[in-house]
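Just below is one structure, and these are the notes that go with it.
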Amino acid sequence: MAKAPNKQLAGIKAYAEQKNKETIEKVHKAIDSLKRKKKISTLIQYQKKQAFLEQPFIIIPN
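Here you go:
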């Protein structure tokens with residue numbers, strides 16, 4: 001497999017950094033929206049709730 005030229009790598013890196021910034025901005029907007037609605041105070045709490053809800057229930061017999 002041939003290596004990509006440095007110019008291509010720089011372009012890919014710049015693109016990835018821009019997408020990362022856009023994603024961070026979207027997450028911050030979502031957090032601000034949730035805080036305004038006072039439904040969930042942070043995205044972390046939301047993720048924990050989702051992780052908990054997606055877990056199967058385990059019934060342990062006595």
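Heads up: the sequence shown begins at 1 in the UniProt record's numbering, then just goes up one per residue. Ideal placement from N, C-alpha and C gives every residue a C-beta, glycine not left out.
What separation, rounded to the nearest whole angstrom, lies between the Cα atoms of residue i and residue j?
| i | j | result |
| --- | --- | --- |
| I24 | A30 | 10 angstroms |
| L34 | Y46 | 10 angstroms |
| K49 | Q18 | 30 angstroms |
| A16 | A51 | 28 angstroms |
| A14 | R36 | 33 angstroms |
Report the three-state DSSP secondary structure of residue i (helix, strand or coil).
| i | result |
| --- | --- |
| K7 | helix |
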